[in-house]
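The numbers in the UniProt record's numbering rise by one with no breaks, and the one at position 155 of the sequence shown is 155.
First the structure, in the form of structure tokens, and then the observations on it.
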Amino acid sequence: FKRMKQFPSPRILATHLHYDKLPGSIFKNKAKILVIFRNPKDTAVSFFHFHNDVPDIPSYGSWDDFFRQFMKGQVSWGSYFDFAINWNKHLDDENVMFILYEDLRENLATGIKRIAEFFGFSPSGEQIQTISARSTFHVMRAKSQETHGAMGPFLFRKGEVGDWKNLFSETQNQEMDEKFKECLAGTALGTKLKYNSYCQP
Numbered sequence: 001f002k003r004m005k006q007f008p009s010p011r012i013l014a015t016h017l018h019y020d021k022l023p024g025s026i027f028k029n030k031a032k033i034l035v036i037f038r039n040p041k042d043t044a045v046s047f048f049h050f051h052n053d054v055p056d057i058p059s060y061g062s063w064d065d066f067f068r069q070f071m072k073g074q075v076s077w078g079s080y081f082d083f084a085i086n087w088n089k090h091l092d093d094e095n096v097m098f099i100l101y102e103d104l105r106e107n108l109a110t111g112i113k114r115i116a117e118f119f120g121f122s123p124s125g126e127q128i129q130t131i132s133a134r135s136t137f138h139v140m141r142a143k144s145q146e147t148h149g150a151m152g153p154f155l156f157r158k159g160e161v162g163d164w165k166n167l168f169s170e171t172q173n174q175e176m177d178e179k180f181k182e183c184l185a186g187t188a189l190g191t192k193l194k195y196n197s198y199c200q201p
């Protein structure tokens with residue numbers, strides 16, 4: 001945090017921390033928080049490849065091994081579902097904005113406009129188009145080493161929606177469906193995640 005305080009203001013900080021692990025000063029100072037969610041099935045697959053591709057973190061012997069740990073919440077940064085349940089309580093907080101990765105994939109320009117307005121900016125249509133062109137997954141992947149150093153190639157793998165279908169077994173698919181139903185069905189965030197659109201065969 002000492003190093004972060006030295007960043008020029010306004011600061012942009014990224015984190016995977018759960019809501020209750022964030023420093024209280026964030027809320028005291030009414031900092032704006034942009035929360036990006038991805039459907040749990042693609043999140044699991046992306047996280048599996050991240051673990052197995054990055055040399056400096058533990059890898060898993062198989063997808064099945066990873067899936068078991070993911071469903072127990074015994075992976076880095078903890079349970080996806082606990083993370084979602086905690087943030088669901090703050091869906092309507094004044095200084096919090098939620099956006100879906102899938103929505104950005106479908107209509108990047110609209111997402112950029114919403115994000116800009118949330119942070120108090122009013123970009124022109126031309127500016128939005130310029131930002132959109134520079135923010136596609138393929139462009140960011142091509143520049144990943146320039147923007148993220150050695151970690152770049154590991155952070156930008158496929159970026160596809162529905163890649164989970166290449167790894168999930170029928171049993172795993174059903175298990176995840178039940179977990180989602182148990183934890184998020186009927187919640188505001190559960191609705192926003194459009195689970196039936198992105199997580200069904």
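In this text, a Cβ means the ideal position worked out from N, Cα and C, and glycines have one as well.
Could you please give the first and the last residue of the uninterrupted beta strand (DSSP E) stretch that includes residue i?
i, result
"L100", "96-100"
"I85", "No beta strand (DSSP E) contains I85, which is instead part of the alpha helix (DSSP H) from 80-88."
"I36", "33-37"
Report all residues from its chain with a CB closer than 8 Å to the CB of residue i; omit the five preceding and five following residues, and keep chain order.
i, result
"L91", "F98, A188, L189, K192"
Say whether chain B places a C-beta atom closer than 8 Å to the C-beta of residue i.
i, result
"E146", "The chain labelled as chain B is not found in the depicted structure, where only one protein chain is given."
Spatial neighbours of residue i within its chain, please: C-beta separation below 6 Å, excluding the five flanking residues on both sides.
i, result
"H18", "F83, N86"
Between the Cα of residue i and those of the options, spot the shortest distance and give me the residue it belongs to.
i, options, result
"Q200", "I128, D177, P55, K181", "D177"
"S197", "G162, A116, T15", "G162"
"residue 202", "A142, S169, I115, E94", "Any answer about residue 202 is impossible in this case: the structure gives the chain only from 1 up to 201."
"V45", "N29, E126, Y60, E106", "Y60"
"G159", "K30, K89, F180, Y101", "Y101"
"N107", "I33, K89, I128", "I128"
"W77", "F119, H16, A185, E94", "H16"
"F81", "E170, P23, E182", "E182"
"G125", "F119, F118, K113", "K113"
"N39", "A14, N95, D93, W164", "W164"
"L184", "N88, Q174, Q6, E175", "N88"
"G120", "D53, D65, P10, Q6", "P10"
Could you pull the start and end residues of the alpha helix (DSSP H) that residue i belongs to?
i, result
"F121", "Premise fails: F121 is in no alpha helix (DSSP H) and is neither H nor E."
"L189", "188-192"
"V45", "40-53"
"F168", "First-last for F168: undefined, no H or E at that position."
"G24", "24-28"
"K72", "63-72"
"Y195", "195-198"
Apart from the five residues on each side of it in sequence, which residues of its chain come closer than 7 Å, Cβ to Cβ, to residue i?
i, result
"W63", "F48, L167"
"H67", "Looking at the sequence itself, residue 67 is Phe, so the reference to His does not match. Contacts found: A44, Q172."
When we look at the beta-carbon of residue i and count the other beta-carbons within 10 Å, is it buried (16 or more) or exposed?
i, result
"F180", "buried"
"D42", "buried"
"I33", "buried"
"G111", "buried"
"F37", "buried"
Decide if the segment 129-139 is in contact with the segment 69-76; the criterion is three or more beta carbon pairs, one per stretch, under 8 Å apart.
The segment 129-139 is not in contact with the segment 69-76.
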